[in-house]
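Chains as they are written, first to last, in the numbering used here: chain A, 1 to 264; chain B, 1001 to 1264.
These notes are about the structure you will find just below.
This is the structure in structure tokens:
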């Protein structure tokens, strides 16, 4: 009986998931498709103009070869401005490699770059197989510390003010934890990357959310701008981002778990 | 006392995590950095040749503007071959939008494309806030069904063969579940995408692992090749990939949880 009920719940969840998935696709398609169409038309016009202008000095094959190389360079993260004298930051320098390892272990996987050598890919799989469980354990230990702190606080308050309803105190501490977490892990970092990266507030918040949820599209990544100088000490900034990521993921994971339970 | 012990464990975990992180960065840097250097030099040489060849008809600003547009087109996923007549698949068509929604809800976040409009980004955050807990619930319900099935099997076998040691039967069923899961969710899909996408076995396995672990770099994504025709029915293929992702994530998540417990 219980078994059948659980199968029923699973089926219901699957159905709800698919409906929600299709709903999202319809909205994203409606919102993003016109911008895409515009870019496509612009690119094709550019290609037509290029072959017309240089038809006497550039064969169709040469043009294609040129585009192939440029697209490959871009997929390697080379900025169009980049020259030997004014080079962009290396992806696989030690700082970039650290960022990559961090994104891999937390399963954020920004993916604006990824290993291309076979050895790199093989190491990536082996490294993540052990590293992801280790990181999950670390993040959940942090989350437990956060939970314990709020329990500890509730206990202390109840001892000092025994006349207050204990359950109310506990609930207030839990709610307080969410509010403080929102400020520490969302509001302050949004404002910080808005200043440091010069993204809009909206884009900064989007980056914060996409990172902490471990989605990690890689359209916004901190410390990667090559068209401007950073006004902060980059080492401090990177350490701040790293700590924020770990603790923030623990916090948002906790909120998602609370929401999952509420949905149940 | 217990509190202090837990703090000690958390500190140890954090230390282990950082050591592991730096270890990974050193290896990735050593493996990938030479390939990057090669591409950078190739790109700069190409740029130098281009300005030398066309110095009389193309100003430095025009060249830069051209590169800017081409790089932008590439970041929009336009293939260098793409023309109005021979267009590449749209990212934000309904099938692409479905894939995007799925990658967002599962936090895989391939990120080879992401919303660019402000409305798209805002919807993305709102949609994921409700959707990620819903998906997590669905995936964990699937994982529970898998666990229950192996328990159910162990019970049936113990009933039929009461002379067998019950604990051994249970352990064998658990081990069997991992082996069957590896075949169903790793071996068979690796072979399938090897055939359909024409990736090497190594690349196919790398794709399978990076997807199911929810890292999702986006360097390999199924159904996105524009340089060749697909030999399979794309609707069936997409549904297969979607089901595989959901069930496979549940399976690998279960393995990672088992590993976390073992590390503990």
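For every residue, glycine included, the Cβ atom is placed at its ideal position computed from N, Cα and C.
Model, not experiment: these values are computed from the prediction.
Measure from the C-beta of residue i to each C-beta in chain A and report whether the shortest distance is under 8 Å.
i	result
residue 1004/B	no
residue 1189/B	no
residue 1198/B	no
residue 1244/B	no
residue 1097/B	yes
residue 1145/B	yes
residue 1194/B	no
residue 1093/B	yes
residue 1090/B	yes
residue 1101/B	yes
residue 1182/B	no
residue 1229/B	no
residue 1164/B	no
residue 1049/B	no
residue 1027/B	yes
residue 1032/B	yes
residue 1249/B	no
residue 1154/B	no
residue 1167/B	no
residue 1234/B	no
Which of the three DSSP states is assigned to residue i in this structure?
i	result
residue 264/A	coil
residue 191/A	helix
residue 1225/B	coil
residue 217/A	coil
residue 253/A	helix
residue 1034/B	helix
residue 58/A	coil
residue 86/A	coil
residue 140/A	helix
residue 1200/B	coil
residue 231/A	coil
residue 1145/B	helix
residue 1064/B	helix
residue 161/A	coil
residue 79/A	coil
Contact criterion: CB-CB distance below 8 Å. Does residue i meet it with respect to chain B?
i	result
residue 186/A	no
residue 157/A	no
residue 160/A	no
residue 214/A	yes
residue 64/A	yes
residue 36/A	yes
residue 119/A	yes
residue 287/A	Given that chain A is displayed from residue 1 to residue 264, the structure contains no residue 287/A and the question cannot be resolved.
residue 84/A	yes
residue 241/A	no
residue 178/A	no
residue 8/A	no
residue 201/A	no
residue 127/A	yes
residue 254/A	no
residue 237/A	no
**Message:** Extract the residue ranges of the alpha helix (DSSP H) inside the region 89 to 126 of chain A, only unbroken runs of 4 or more that lie entirely within it.
**Reply:** 94 to 105
**Asked** Do the region 1041 to 1049 of chain B and the region 100 to 110 of chain A make contact, defined as three or more Cβ pairs closer than 8 Å?
**Response** no
**Request:** Indicate whether the contact test is met: 3 or more Cβ pairs, each with one atom in the region 1027 to 1034 of chain B and one in the region 89 to 98 of chain A, closer than 8 Å.
**Result:** yes
**Asked** Okay, do the region 121 to 134 of chain A and the region 1191 to 1205 of chain B touch, 3+ Cβ pairs below 8 Å being the bar?
**Response** yes
**Message:** Would the region 214 to 229 of chain A count as touching the region 160 to 179 of chain A if we require 3 or more Cβ pairs under 8 Å?
**Reply:** no
**Asked** So, do the region 129 to 139 of chain A and the region 1010 to 1027 of chain B have three or more beta carbon pairs nearer to each other than 8 Å?
**Response** yes
**Request:** Would you check if the region 177 to 196 of chain A and the region 239 to 250 of chain A touch, i.e. whether three or more CB-CB distances between them fall below 8 Å?
**Result:** yes
**Message:** Below 8 Å, how does it come out for the region 1250 to 1259 of chain B and the region 139 to 157 of chain A: are there three or more Cβ pairs, yes or no?
**Reply:** no
**Message:** Using 8 Å as the cut-off, can you tell me whether the region 67 to 76 of chain A makes contact with the region 1073 to 1087 of chain B, which would need three or more C-beta pairs spanning the two stretches below that distance?
**Reply:** yes
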